[in-house]
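Engineer:
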Amino acid sequence: MTTGATLFTQRRAGVVLHPTSLPGPLANGDLGDAAWRFVDFLHASGFSVWQILPHGPTHEDRSPYQSLSVHAGNPLWISLDRLVEAGWLSKLELPSANRESDDFRYQQLRLAHRGFEYGAADEERRAYSAFRQEHAGWLDDYALFIALREEQEHRSWLDWPEPLKNRDDAALKQARTRLTSSIEQVCFEQFIFYRQWHALKQYANEKGVTLFGDLPIYVSLDSADVWSQREQFDLDDSGSPRTVAGVPPDYFSETGQRWGNPHYNWKHMRADHFSWWQTRLESTFALYDLVRIDHFRGFEAYWSIPAESETAIDGEWVKAPGEALFASLAKTFGSLPVVAEDLGVITDEVTALRKQFGFPGMRVLQFAFDGTGSNPYLPHQHEVDDAIYTGTHDNDTTLAWYNELDSTGRDHVREYLGYPEEAMPWPLIRTALASVGCLAIVPMQDLLGLGAGNRMNTPGTIKGNWQWRFDWAQLPEGLAGRLHHLLMLYGRLL
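So the mapping is simple: my numbering equals the position in the sequence shown, first residue as 1, plus 19.
1) By a C-beta neighbour count over all protein chains shown, 10 Å radius and 16 as the cutoff for buried, is His412 buried or exposed?
2) So, at 8 Å on beta carbons, what are the nonlocal neighbours of Phe361 in its own chain, with the 5 sequence-adjacent residues on each side left out?
3) Apart from the five residues just before and just after Pro94, which ones in its own chain have a Cβ nearer than 7 Å to its Cβ?
4) Could you give the residue range of the beta strand (DSSP E) that holds Glu335?
5) Using CA atoms only, rank isn't needed, just tell me which of Val357, Gly353, Trp420, Leu355 is closest to Phe386.
6) Spell out the partners DSSP gives Gln276 in its beta bridges.
7) Can you give the Cα-Cα distance for Phe245 and Val403, rounded to whole angstroms?
8) Return yes when the Cβ of Arg81 is within less than 8 Å of the Cβ of Trp485, no when it is not.
9) By how many angstroms is the C-alpha of Ser393 removed from the C-alpha of Gln493?
10) Once the 5 residues before and after Leu111 are set aside, which same chain residues still bring their CB inside 8 Å of it?
11) Exposed or buried, Gln221, counting other C-beta atoms within 10 Å across all chains shown (16 or more means buried)?
12) Label Pro38 either buried or exposed according to how many other C-beta atoms from any shown protein chain fall within 10 Å of its C-beta, with 16 as the threshold for buried.
13) So, at 7 Å on beta carbons, what are the nonlocal neighbours of Leu254 in its own chain, with the 5 sequence-adjacent residues on each side left out?
14) Below 6 Å CB to CB, which residues in the same chain sit around Leu234 once its five sequence neighbours on both sides are set aside?
15) Rounded to a whole number of angstroms, what is the C-alpha to C-alpha distance between Tyr125 and Asn47?
16) Following the continuous beta strand (DSSP E) through Val310, name the residue where it begins and the one where it ends.
17) Just checking, does the stretch 56-65 make contact with the stretch 225-234 on the three C-beta pairs under 8 Å criterion?
18) Compute the Euclidean distance between the alpha carbons of Val383 and Glu496, then round it to the nearest angstrom.
19) Looking at the structure shown, is Arg475 part of a helix, part of a strand, or coil, going by DSSP?
20) Could you name the residues of the same chain whose beta carbon sits closer than 6 Å to that of Arg488, not counting the 5 residues immediately before and after it, in chain order?
21) Counting pairs of Cβ atoms below 8 Å between the stretch 289-303 and the stretch 339-357, do you hit three or more?
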């Protein structure tokens, strides 16, 4: 079976940049003018792919990989300027200090909802009603979950009063009545997010730019999905996980990584013909042209850790029904536009599963130079069905990585790459573009030549992540032209 065989019919290249990293006056980047300008930059440079991290609403730590919903969009991405243009919000005139908090944006979203209720045209009201009807399968539970979570002072649903925690019918009915205003606000925010997202996607596609999303394999325990569909997850009668996700001890950690996400109830999912995954992928493919599946190896076998264990040491590998899952999804969606994140220690079985369904894998050049010629990330080991990265959101910038190497390591990199006159990170960027791999992706930080202090995330840490942003003034003069020439040189212009 090769359902993804036609995924890449021509060499292409792209940039990974999370929308929150876009420039702007508020606390994070959004879907407004800067996003459209970034599409213009990609188009002028010859890039045909914009890769972002997961789009869901986050917890307080802002990690997009621990979302409150697998379907909802992050309301903090909503452009307030677009709401002003729509006539639902007055011109933003508060002092800049007030703009730099999430509270400011949420306050403005409440005002915009009020403006919509008073001033929306009939066509806009019909569009809102249609949106609510189309997405009711997840939106009703999500909106109630968020309203309850606010009422419960952002405590996990596991700590809510028993009737709400266990979704007692009478308690939920009372809550829907009591929290009508909050529920309506959440639904309005999702309507606006989807509206602005699809407008941006249409513009990007018209410019020849494909939107490349990111689908985490696991779901946050404190999420609308687990609260509303406990039967889909490996939970005990109280709703707590029996086992949690992570990875075993390895070279990087003597105790492994304990992520804490609940595992799936694969037996139930299989008996239900993977309907939960069918719905999840339907939402995802409606937003993106291409999707990276994070921690792909967990679909072949996953590291199952007893929930009571404080580390990942006591886990065990458990087989997962990945073949049955992807076969089921392929019957529904046809050729799956998927890239598999297959980094780390990957078995032959994982590779066979990926190749069976025609999914490109990932090769990160920063992982390539350990001094051995057999390293699978080295360019001479690449295959056509590989997506090549200089680094990912979990890596430091290429310049910072290179500067951290000792002199022997830097000499080895230089000798292999063969671009002695060019300053880092350009030799690694050239190498990614020159690779035989079907897709080459470069983080925005590398295109700007940024060094230490500009990484997006440091795995294993919980503070100081997901905050990096760039400024238009950082773009070197002539950067788009230089990139366009390189993409033409290496056959990656569409």
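Cβ coordinates follow ideal geometry from the N, Cα and C atoms, glycine included.
Structural biologist: Concretely, from the data shown:
1) buried
2) Reading the sequence as shown, one finds Asp at residue 361 and not Phe. Around Asp361: Phe315, Arg316, Val369, Thr370, Arg373, Gly380, Met381.
3) Pro76, Leu128, Glu208, Phe212
4) 335-338
5) Trp420
6) Val266
7) Contrary to the premise, residue 245 reads as Val rather than Phe in this sequence. Computed Cα separation, rounded: 38 Å.
8) yes
9) 37 Å
10) Leu99, Asp100, Val103, Arg118, Gln127
11) exposed
12) buried
13) Pro260, Arg261, Pro281
14) Thr303, Val310, Ile312
15) 13 Å
16) 309-312
17) yes
18) 28 Å
19) It should be pointed out that residue 475 corresponds to Met in this sequence rather than to Arg. Here Met475 sits in coil by DSSP.
20) Ser40
21) yes
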